[in-house]
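What follows is a single structure, written as structure tokens, with notes after it.
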Amino acid sequence: MNTRATQFTLVIPTLIVLTNAVARFEPTSVSDVSLVIRMIKGSNVSSFDMSIQIFDLDRLIEYRKTQLKGSTRDQLFSFDGLTPGTWFAFRIHYQLYYENAQPGQHELKTKQEIIVRTKESQHEDPTKINDSIAYIDDIFLTKDNIYIGVASVFKDTKKVITVIVPELRCSKGVLKPLAQQVNHHASFHFDLTPLGDSNRSCSRICVFPFLRVAIQNRTSETFRGKEWCGSIDEARQLVSSEAVLQGLGWLVSSLLLCLLLSSTAF
């Protein structure tokens, strides 16, 4: 097992709990040159301060720094001047101020990362947000075992390393195989035998992706991507959809090759 992957298993569960428990931000739209975000789960937040670092994951550089203040929970924040067709990581350090809080509990400092890819052109729909960096591309089930395969959109592991933390949530507990680095593909085995033979239902698979990136003129940076959680049936549908897309891609490539060969023949 890769040492780096083993280290991830020590810190990630805490991060997952913290980010699910407090107000955070989500993308509302992404164009070719901008990202717009808004706060969610912030019903008792009165105001907040943000410090944002933007990293270009294609060129491996720190793209920009900025600071913002928010006075209302429904406020939208736009980050403009981005490069089209590029993966960006936004690291948001923010301090939340709560209304009607107990003494000593009126503020909280935390952080969040958002990873998105900008559109290729201004004609693409900005509400369709490309923020999935890892996906299930294989699944196999037996009576006592579930196997899944996970791939990453970042194929060049010399530039960006993807580490996956998987979970299988069952009625009798949560199964957590060791994290793995994705080298083209990562395979995970969920052994159901420790859960016993009776009243054993597993309803949800989760895949938590993390990126390790060597940013120029800095130490390596770690970013948490958007997780995928769904039922086993939903995971199967993902695998089927991916197979269809790959088949269509192969068909289009074959047709283009045939057209090219036929044109050169004349």
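Quick note, the sequence shown lines up with residues -21 to -1, 1 to 245 if you use mature numbering (1 follows the signal peptide of the UniProt record, and there is no 0). Note that CB positions come from ideal geometry on N, CA and C, so glycine has one too.
Apply the 10 Å Cβ neighbour rule to Cys181 and answer buried if 16 or more other Cβ atoms are within range, or exposed otherwise. buried
Any contact of the stretch 7 to 19 with the stretch 58 to 70, i.e. 3+ C-beta pairs under 8 angstroms? yes
Could you give the distance in angstroms between the alpha-carbon of Lys137 and the alpha-carbon of Ala193? 9 angstroms
Is Val161 near Ser210, with beta carbons less than 8 angstroms apart? In this structure, Val161 sits away from Ser210, with a CB-CB distance that is not shorter than 8 angstroms.
Please name the residue, chosen from Arg38, Met29, Leu55, that lies closest to Thr45 on a Cα-to-Cα basis. Cα-wise, what sits closest to Thr45 is Met29.
Going by the DSSP bridge assignment, what does Gly175 pair with across the sheet? Bridge partners of Gly175: none, in fact.
Within its chain, find whatever has a CB closer than 8 angstroms to the CB of Val1; leave out the 5 residues flanking it on each side and keep chain order. Cβ within range, chain order: Lys20, Leu75, Leu87, Thr89.
Cutoff 8 angstroms; reference Lys48; Cβ partners in own chain excluding five residues on either side: Ser26, Phe27, Asp28, Met29
Whole angstroms are fine: how far does the CA of Met18 sit from the CA of Ile93? 13 angstroms
Could you pull out every residue in the same chain whose Cβ sits closer than 8 angstroms to the Cβ of Pro6, ignoring the five residues on either side in sequence? Around Pro6: Leu14, Val15, Ile16, Ile93, Val95, Ile108, Asp110.
Would you mind listing the beta strand (DSSP E) stretches within the stretch 143 to 169 that are 3+ residues and don't spill past its ends, in chain order? 152 to 154
Could you spell out where the beta strand (DSSP E) holding Asp28 opens and where it closes? Asp28 -> beta strand (DSSP E) spans 24 to 35.
Return the Cβ separation of Ala214 and Ile112 in integer angstroms, given the expectation that the two are a contact with Cβ distance under 8 angstroms. With 8 angstroms as the limit, Ala214 and Ile112 do not qualify as a contact, their Cβ atoms being about 17 angstroms apart.
Please state the DSSP three-state secondary structure of Asp212. Residue state, collapsed to three classes: helix.
Hey, Leu174 and Gly152: beta-carbon distance below 8 angstroms or not? yes
Starting from the C-beta of Leu120, find all residues in its chain whose C-beta is less than 8 angstroms away, skip the five residues before and the five after it, and write them out in chain order. Tyr126, Ile211
Does the Cβ of Thr97 have 16 or more other Cβ atoms within 10 Å, making it buried, or fewer, making it exposed? Around the C-beta of Thr97, 16 or more other C-beta atoms lie within 10 Å, and the residue is accordingly described as buried.
Candidates Ile140, Lys155, Cys208, of which the one nearest Glu146 by Cα: Residue nearest to Glu146 within the set Ile140, Lys155, Cys208 is Lys155 (criterion: CA-CA distance).
According to DSSP, simplified to helix, strand and coil, what is Ser8? strand
Note down the Cα distance separating Leu217 from Ile118, rounded to an integer number of angstroms. 10 angstroms
Which of helix, strand or coil DSSP assigns to Val218: helix
My guess is that Gln195 and Leu55 are in contact by the Cβ rule of under 8 angstroms, so how many angstroms apart are they, rounded? No, Gln195 and Leu55 are not in contact; Cβ-Cβ is about 31 angstroms, not under 8 angstroms.
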